[in-house]
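**Student:** Under this note's numbering, the first residue of the sequence shown is numbered 23, with each subsequent residue one higher. All C-beta atoms, glycine included, are put in the ideal place defined by N, C-alpha and C. These numbers come from a predicted model, not from an experiment.
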Amino acid sequence: MARVIVKPAVTIASRPTSRVSPWATVLVAINPSVPFVCKSDVAPRRVRAASLGWSVPTMNMNQAKRCVLYARLSVTKEESVSIARQLQSCRRYAEARGWEVIGEFVDDGISASVNRPEDRRGWAALLAARDFDAVIIWKVDRLARRVLDFLHADEALQERGAGLVAVEDPIDMTSPQGRAFAVMLAVFGEMEAEAIRARVRAARVQLLKDGRWAGGGIPYGYRPAANPDGPGWVLVKDPDRAPWLAQAVGMALCGVTVNAITTWLTTSGAPLPACSGARRKSGVAAWNRQTVDGLLRNPILAGMTPHNPGRPKSAKRADPFAVFRDEDGVPVINEALAVITTDQFATLQKILDSRSTPQARKRSEREATSPFLSRVVRCDDCDRFMCRGTNQKRPVIYCPVCRQTMSRSAFDPYLIHRLLNERGAEPLGASTVQAHWAAAGPSDLARREILLSQLESLRVRRGIVGRYFDDERVLLRWRQTASKGEVARSGDSP
Numbered sequence: 023m024a025r026v027i028v029k030p031a032v033t034i035a036s037r038p039t040s041r042v043s044p045w046a047t048v049l050v051a052i053n054p055s056v057p058f059v060c061k062s063d064v065a066p067r068r069v070r071a072a073s074l075g076w077s078v079p080t081m082n083m084n085q086a087k088r089c090v091l092y093a094r095l096s097v098t099k100e101e102s103v104s105i106a107r108q109l110q111s112c113r114r115y116a117e118a119r120g121w122e123v124i125g126e127f128v129d130d131g132i133s134a135s136v137n138r139p140e141d142r143r144g145w146a147a148l149l150a151a152r153d154f155d156a157v158i159i160w161k162v163d164r165l166a167r168r169v170l171d172f173l174h175a176d177e178a179l180q181e182r183g184a185g186l187v188a189v190e191d192p193i194d195m196t197s198p199q200g201r202a203f204a205v206m207l208a209v210f211g212e213m214e215a216e217a218i219r220a221r222v223r224a225a226r227v228q229l230l231k232d233g234r235w236a237g238g239g240i241p242y243g244y245r246p247a248a249n250p251d252g253p254g255w256v257l258v259k260d261p262d263r264a265p266w267l268a269q270a271v272g273m274a275l276c277g278v279t280v281n282a283i284t285t286w287l288t289t290s291g292a293p294l295p296a297c298s299g300a301r302r303k304s305g306v307a308a309w310n311r312q313t314v315d316g317l318l319r320n321p322i323l324a325g326m327t328p329h330n331p332g333r334p335k336s337a338k339r340a341d342p343f344a345v346f347r348d349e350d351g352v353p354v355i356n357e358a359l360a361v362i363t364t365d366q367f368a369t370l371q372k373i374l375d376s377r378s379t380p381q382a383r384k385r386s387e388r389e390a391t392s393p394f395l396s397r398v399v400r401c402d403d404c405d406r407f408m409c410r411g412t413n414q415k416r417p418v419i420y421c422p423v424c425r426q427t428m429s430r431s432a433f434d435p436y437l438i439h440r441l442l443n444e445r446g447a448e449p450l451g452a453s454t455v456q457a458h459w460a461a462a463g464p465s466d467l468a469r470r471e472i473l474l475s476q477l478e479s480l481r482v483r484r485g486i487v488g489r490y491f492d493d494e495r496v497l498l499r500w501r502q503t504a505s506k507g508e509v510a511r512s513g514d515s516p
C-alpha cells in the first residue's frame, strides 16, 4: 500500500507513474502551527524527502495565466447547478486572479457516476486543447464522483503541466497542499454518490412493491396514468399501441421473423414508440430490428416488471427473465398488463434466440443448420432433394448435382408466412394448422411435419442469385382439401 506522509516543514516529492492504485491512502500528520507542503496524487510511487535531492514539480499559482473552464451536469433540469451558472462562477474566479480564459468545455446530461472523464466528449476535447496552465471547475464532483476517476483526470493534466482548480471547494491542484485536500474531497464525493445510488435503489424497490411505476423508459404498448389507489403513477395499456403490440407478439409466436415484423410495422404505419420523438424530429423515424427485438423481449408482455439492479451499464442485452420477485423468489405478475402468459413468453424467447443471426451465435451453434427443410425442397432442374448447409456462415439449401443454392435467411420466413396466411385456418387433426404451429414452438422438426402435411410439392428453380430474395424461383403447391377443390396459388405450380 502506497502511503504519503505530510510532515511539518518538509517538502516531499514523488516519481511519476502511468497507473493509479485503488488501494492507495493518504496519512496526514499536521501541526497547525507549522507550515507544510506536499506532493501527492495518492499513486503507488516511492516517496522520499527533499533532502535526497529531489525537486518538487509544483506550479506557482501566480504563473498560471491561461486557463480553460469545464462544466458538467447530469440532468439539465437542475437549475441550481446549471451549466450557465457553473461557467459564470468559473469566469469570475479567473477574472479575480487575472487569468485569461481561452476555452470553455461542457458535458451536458452526462452522469459522473457512470461515465469516466476520459469517456466524455467535453473532457476529451479539453485534453486535446493546447497552451493552458489550469482547468477551473465549479466543484470536484463536477469532474468525477469516484476517487480513481478524479485521480486519472488529474494525472492527465499533470502530464501536460496543468493544474486543477475548484471554485466552491477549498482546493487548488496547482499547489501541493491543494492536491492533498482534493483527494480527501474526492473520497467524500464517492461516498455521497454511493449513498445516492443506494437511496434510488431502495426507492425503486418500494415503488415496485406498492405496484407503482418506478419511472424510466415507457414500454411500447403502455402509458403511465395517475394511480387510482393513491399517489404516484401506474402503467396501463395504451389503446393506440397495444393492438399493434399484441399482433406483433402473435406473429413472433407463429414464427414470423423480427425483420418481417419490422417491415410489417413500417409498411402498416404502426405508431412509433414514444421514446422515438427525437428520431422523428431528425427525419429518420422508422422501425428497426433492434427496437422490435427489444419490445418482444420485454417481460412486461407477461405482466412482469424488469428488475436487475446488478446489471452493468455496458451489458449489451438485458436478461428477459431478470424481473421483480417477491420474498419467495416468485415473479410478481400484473395480469392487467399481460399480453401473453409466462409460458408463452418463455417460448417466445426461445424462438427469438433460435432466429438470431448466425454471426451472433456460438461456433457450435453456427455449424448446426435447421432441419426444417430437410428432404422437403426439390431442385426443379435435377428433381433431387436439396441439401441444407452454410455459405459464408449463413444457412442455405443447395442441389447436390447442379449446385444451385437458395439462401434460407429469407426463404424460411417466406414459407412460414405463406403457410400461416394461406393454410392457417385449414383443419389439422382436432385443431387448425395455426394452432398446431403455435404449439410446436421453436421445434424445427415439429414445424417440418406441419409443413409437410400441407404440401403437395415444393421446388426451387434456377434464377439470379443475389442479395435479394426472388420469390419467382419458388414453385409451391398446396394439397387439395375436401372443402376446396383448388390449390392455393395454383399459378405457381411447376
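1. Determine contact between the region 393-405 and the region 421-432, defined as no fewer than three beta-carbon pairs at a distance below 8 angstroms.
2. Between Thr364 and the rest of its own chain, which residues show a CB-CB distance below 6 angstroms, the 5 nearest in sequence each way excluded?
3. Measure the beta-carbon distance from Leu91 to Glu126 and round it to whole angstroms, keeping in mind my assumption that it falls under 8 angstroms.
4. Quick check: Met326 and Asn281, are their CB atoms within less than 9 angstroms of each other?
5. Relative to the alpha-carbon of Gly183, which residue among Phe172, Trp160, Arg168, Ala156 has its alpha-carbon at the smallest distance?
6. Counting pairs of Cβ atoms below 8 angstroms between the region 491-504 and the region 473-483, do you hit three or more?
7. Quick one, which of Pro417, Asn249, Leu477, Phe491 has its alpha-carbon nearest Ser444's?
8. With DSSP as the reference, label Phe367 as helix, strand or coil.
9. With C-beta atoms as the reference, is Pro321 less than 9 angstroms away from Phe394?
10. What are the boundary residues of the beta strand (DSSP E) that includes Glu357?
11. Residue range of the alpha helix (DSSP H) that Val314 falls in?
12. Can you tell which of Arg234, Val278, Gly277, Thr313 has the C-alpha that lies nearest to the C-alpha of Pro293?
13. Could you say which of Val278, Leu359, Ser396 lies nearest to Pro261 if we only look at CA atoms?
14. Could you give the residue range of the alpha helix (DSSP H) that holds Phe172?
15. With the cut-off set at 9 angstroms, would you say Tyr242 and Arg219 are in Cβ contact?
16. So, under 8 angstroms CB-CB, Leu275 and Leu374 are touching, yes? Tell me the CB distance rounded to an integer number of Å.
17. Where do the N-terminal and C-terminal ends of the beta strand (DSSP E) with Gly272 fall, by residue?
18. Where do the ends of the beta strand (DSSP E) carrying Trp286 lie?
19. Nearest-angstrom Cα distance between Leu257 and Pro250?
20. Among the candidates Met428, Ala116, Val169, whose CA atom is the shortest distance from the CA of Ile124?
21. Does the separation of the CB atoms of Gln108 and Ala118 fall below 9 angstroms?
22. Can you tell me the Cα-Cα spacing of His329 and Glu214, whole angstroms?
23. Using a 10 Å radius around the Cβ and a threshold of 16 neighbouring Cβ atoms, would you call Glu140 buried or exposed?
24. Have a look at Asp191, Ile283, Phe491, Thr454 and flag the residue whose alpha-carbon is nearest the alpha-carbon of Ser475.
25. Below 6 angstroms CB to CB, which residues in the same chain sit around Val361 once its five sequence neighbours on both sides are set aside?
26. Have a look at Gly463 and Arg167 and give me their C-alpha separation to the nearest angstrom.
27. Could you tell me the distance, in whole angstroms, from the CA atom of Leu318 to the CA atom of Gly451?
28. Measure the alpha-carbon distance for Ala146 versus Ile472 and round it to whole angstroms.
29. Cα-Cα, which of Cys409, Gly277, Ser111 is closest to Asp466?
30. Work out the CA separation of Val128 and Ala224 for me, nearest whole Å.
**Tutor:** According to the structure shown:
1. yes
2. Residue 364 sits at position 342 when you count from the first residue of the sequence shown. If we look at Thr364 and ignore the five residues flanking it on each side, its Cβ neighbours are Ala324.
3. Here residue 91 corresponds to residue number 69 of the sequence shown, with the count starting at 1. Here residue 126 corresponds to residue number 104 of the sequence shown, with the count starting at 1. Their Cβ separation, rounded to whole angstroms, is 5 angstroms, which keeps Leu91 and Glu126 in contact under 8 angstroms.
4. Numbered from 1 along the sequence shown, position 304 holds the residue referred to as residue 326. Numbered from 1 along the sequence shown, position 259 holds the residue referred to as residue 281. No.
5. Counting from 1 along the sequence shown, the entry for residue 183 is found at position 161. For Gly183, the closest of Phe172, Trp160, Arg168, Ala156 by C-alpha to C-alpha distance is Ala156.
6. yes
7. In the sequence shown, the residue the question calls residue 444 occupies position 422. The sequence as given places Glu at residue 444; Ser does not occur at that position. Selected option, being the one with the closest Cα: Leu477.
8. In the sequence shown, residue 367 corresponds to position 345, counting from 1. In the three-state reduction of the DSSP assignment, Phe367 falls in the helix class, which pools H, G and I.
9. Counting from one through the sequence shown, the residue named residue 321 turns up at place 299. Counting from one through the sequence shown, the residue named residue 394 turns up at place 372. For Pro321 and Phe394, no; Cβs fall outside 9 angstroms.
10. By one-based count along the sequence shown, residue 357 stands at place 335. Run containing Glu357: none; DSSP gives neither H nor E here.
11. Counted from its first residue, the sequence shown places residue 314 at position 292. Start and end: 311-318.
12. Mapped onto the sequence shown, residue 293 falls at position 271. Among Arg234, Val278, Gly277, Thr313, the Cα nearest to that of Pro293 is on Thr313.
13. Here the question's residue 261 lines up with position 239 in the sequence shown. Nearest C-alpha to Pro261: Leu359.
14. Here the question's residue 172 lines up with position 150 in the sequence shown. Unbroken alpha helix (DSSP H) run through Phe172: 169-181.
15. The sequence position of residue 242 within the sequence shown is 220, counting from 1. The sequence position of residue 219 within the sequence shown is 197, counting from 1. It is not a contact, given that the beta carbons lie outside the stated cut-off.
16. Translated into positions along the sequence shown, residue 275 becomes position 253. Translated into positions along the sequence shown, residue 374 becomes position 352. About 10 angstroms separates the two Cβ atoms, so there is no contact after all.
17. As a first step, residue 272 must be located in the sequence shown, where it is residue number 250. Unbroken run through Gly272 is the alpha helix (DSSP H), 264-275; no beta strand (DSSP E).
18. Position 264 of the sequence shown, counted from the start, is the residue given in the question as residue 286. Run containing Trp286: none in the beta strand (DSSP E); it sits in the alpha helix (DSSP H), 280-290.
19. Start at 1 with the first residue of the sequence shown, and residue 257 comes out as number 235. Start at 1 with the first residue of the sequence shown, and residue 250 comes out as number 228. Each residue's alpha carbon lies about 11 angstroms from the other.
20. Start at 1 with the first residue of the sequence shown, and residue 124 comes out as number 102. The shortest Cα separation from Ile124 among Met428, Ala116, Val169 belongs to Ala116.
21. In the sequence shown, residue 108 corresponds to position 86, counting from 1. In the sequence shown, residue 118 corresponds to position 96, counting from 1. No, the Cβ-Cβ distance between Gln108 and Ala118 is not below 9 angstroms.
22. Residue numbering aside, residue 329 sits at position 307 when the sequence shown is read from its first letter. Residue numbering aside, residue 214 sits at position 192 when the sequence shown is read from its first letter. Here the alpha carbon of His329 sits roughly 24 angstroms from the alpha carbon of Glu214.
23. Residue numbering aside, residue 140 sits at position 118 when the sequence shown is read from its first letter. With fewer than 16 other Cβ atoms within 10 Å, it is exposed.
24. The residue you call residue 475 lines up with position 453 of the sequence shown. Comparing Cα positions, the closest option is Thr454.
25. Translated into positions along the sequence shown, residue 361 becomes position 339. For Val361, where only same-chain residues beyond five positions count, the Cβ hits under 6 angstroms are Ala268, Val271, Leu323.
26. As a first step, residue 463 must be located in the sequence shown, where it is residue number 441. As a first step, residue 167 must be located in the sequence shown, where it is residue number 145. Those two C-alpha atoms are separated by around 48 angstroms.
27. Indexing the sequence shown from 1 puts residue 318 at position 296. Indexing the sequence shown from 1 puts residue 451 at position 429. Spanning the two alpha carbons is a distance of roughly 30 angstroms.
28. Walking along the sequence shown from the start, residue 146 turns up at place 124. Walking along the sequence shown from the start, residue 472 turns up at place 450. Spanning the two alpha carbons is a distance of roughly 59 angstroms.
29. Sequence index remark: in the sequence shown, residue 466 carries index 444 (1-based). Selected option, being the one with the closest Cα: Gly277.
30. If you number the sequence shown from 1, residue 224 lands on position 202. If you number the sequence shown from 1, residue 128 lands on position 106. Each residue's alpha carbon lies about 32 angstroms from the other.
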